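In full-length UniProt numbering, the protein residues as written are 1 to 365.
Every residue, glycine too, gets a C-beta built ideally from N, C-alpha and C.
Being a predicted model, the structure only gives us computed values, none of them experimental.
Take a look at the structure:
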């Protein structure tokens with residue numbers, strides 16, 4: 001009698017690192033030489049046939065938007081207003097300044113008719129890592145306005161999400177902690193926090209671990225799949241991050257053997273990087289990264305549960321979603337702090353399609 005005979009008796013998925021190493025070798029051997037004929041992106045299934053004209057027609061036919069059409073003013077008269085409505089080539093748009101203040105650029109939100117609210121909510125939540133109410137609400141407000149109680153609608157949508165009901169954890173009550181002085185960081189990516197995650201269920205490539213890297217100041221995260229977490233594998237993955245964002249001044253890690261080895265110390269010495277190790281069995285020393293681990297495992301679990309696909313395929317897109325949400329500790333998203341603007345995600349692509357009244361012209365002569 002084994003797990004295959006009685007699968008219901010083996011509900012826990014406990015994978016040791018030794019077992020993960022064996023499964024990694026088996027997976028790499030079985031996948032050797034195979035070429036995938038199909039490759040699909042885990043992006044929104046929102047109908048591409050929905051045009052700007054369809055949206056405008058739905059806005060005009062929606063009775064709940066009539067009070068907003070009555071508040072429409074010329075766009076030139078709204079420069080001194082924190083909130084207002086105007087028509088952009090017949091499309092109803094809301095001009096909104098965050099927090100009701102007059103700091104920063106205004107956000108132009110497409111007013112969604114009732115017909116399109118559910119599909120857009122699916123893009124903002126299901127296709128963006130199954131975030132919570134606050135992050136989904138913030139992501140939605142950057143591009144759309146639901147003309148109702150937006151937060152209530154977002155909360156109701158998430159509560160009825162089957163995937164979230166299966167994978168989400170109950171709300172946690174965080175105990176207050178004393179404030180401690182944190183040294184200031186002059187530039188992004190001067191201080192990196194690194195750690196390993198796993199073992200995870202084997203991916204198609206045999207990867208069972210992740211190397212997580214985070215900038216301490218901007219909270220910009222990155223994750224690299226690994227088959228093993230030896231020092232050599234960790235250094236190779238870390239080199240990919242450094243080749244993009246430069247050599248840091250400080251790298252902080254725990255006291256794992258892969259970070260305490262002679263090889264790792266020699267690599268940091270050649271790069272002239274200071275190595276700081278946290279206290280043993282004290283995960284709070286790397287609290288920002290440890291919290292990201294929890295979020296990353298949650299969204300990977302939700303993705304695999306909903307679509308039944310390999311977690312490694314979804315990793316780049318889930319990282320895109322993680323970098324565009326506002327961080328509670330900084331008040332900005334990681335992309336905003338690093339690139340000084342928000343990157344174009346699935347919601348921005350959908351909104352941009354409707355905001356363009358005419359296709360861009362070819363400027364190459």
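Comparing C-alpha positions only, which one of the options sits nearest to residue i?
i	options	result
residue 122	219, 202 and 137	137
residue 56	247, 209 and 116	116
residue 256	249, 264 and 250	264
residue 341	217, 247 and 325	325
residue 83	321, 95, 72 and 202	95
residue 297	74, 201 and 79	201
residue 118	146, 139 and 110	146
residue 247	215, 227 and 294	215
residue 428	204, 218 and 203	Since the displayed the chain opens at 1 and closes at 365, residue 428 lies outside it and no answer follows.
residue 259	238, 293, 335 and 321	238
residue 268	278, 280 and 253	253
residue 271	86, 291, 235 and 120	235
residue 192	229, 230, 199 and 241	241
residue 87	60, 81 and 64	60
residue 231	245, 243 and 195	195
residue 190	276, 68, 287 and 124	276
residue 338	245, 54 and 65	245
residue 69	54, 266 and 93	93
residue 355	144, 243 and 74	144
residue 105	79, 120 and 135	79
residue 321	54, 64 and 124	124
residue 120	77, 50, 73 and 74	50
Can you tell me which residues form a DSSP beta bridge with residue i?
i	result
residue 72	85
Would you grab the beta carbon distance between residue i and residue j for me? Rounded to a whole angstrom, and I think it's under 8 angstroms.
i	j	result
residue 207	residue 225	4 angstroms
residue 98	residue 111	At roughly 17 angstroms, the Cβ-Cβ gap does not stay under 8 angstroms, so residue 98 and residue 111 are not in contact.
residue 62	residue 113	4 angstroms
residue 91	residue 52	7 angstroms
residue 347	residue 139	6 angstroms
residue 286	residue 278	6 angstroms
Return the chain-ordered list of same chain residues with a C-beta closer than 6 angstroms to the C-beta of residue i, the five sequence neighbours on each side being excluded.
i	result
residue 233	226
residue 310	203 and 204
residue 329	none
residue 197	210, 212 and 293
residue 71	85
residue 280	255
residue 274	250
residue 75	86
What does a CB cutoff of less than 8 angstroms around residue i pick up in its chain, not counting 5 residues either side in sequence?
i	result
residue 352	344
residue 318	129, 296, 299, 300 and 303
residue 288	193, 214, 216, 219 and 329
residue 223	197, 210, 211, 212, 213, 296, 315 and 319
residue 31	Reliability of the predicted coordinates at residue 31 is poor, the pLDDT of 46 falling under 50, and the value obtained from them is presented with this limitation in mind. Answer for residue 31: 204, 205 and 206, listed in chain order.
residue 312	203, 204, 205, 207 and 225
residue 135	325 and 326
residue 73	84, 85 and 86
To which residues of the same chain is residue i closer than 7 angstroms at the C-beta, ignoring the five residues directly before and after it?
i	result
residue 335	323, 324, 342 and 343
residue 332	326
Just to confirm, does residue i get its C-beta within under 7 angstroms of one of the non-hydrogen atoms of the ligand COA?
i	result
residue 118	Among the components of this structure there are no ligands whatsoever, and the ligand COA is therefore not found.
*Counting only runs that start and end within the stretch 82-118, where is the beta strand (DSSP E) found for 3 or more residues in a row?*
Secondary structure remark: continuous beta strand (DSSP E) runs of at least 3 residues inside the stretch 82-118, in chain order: 83-88, 91-96 and 107-111.
*asked:* If we require 3 or more residues per run, which beta strand (DSSP E) segments fall completely within the UniProt domain "Integrase catalytic" (184-342)?
replied: 191-197, 209-215, 221-226, 250-253 and 274-277
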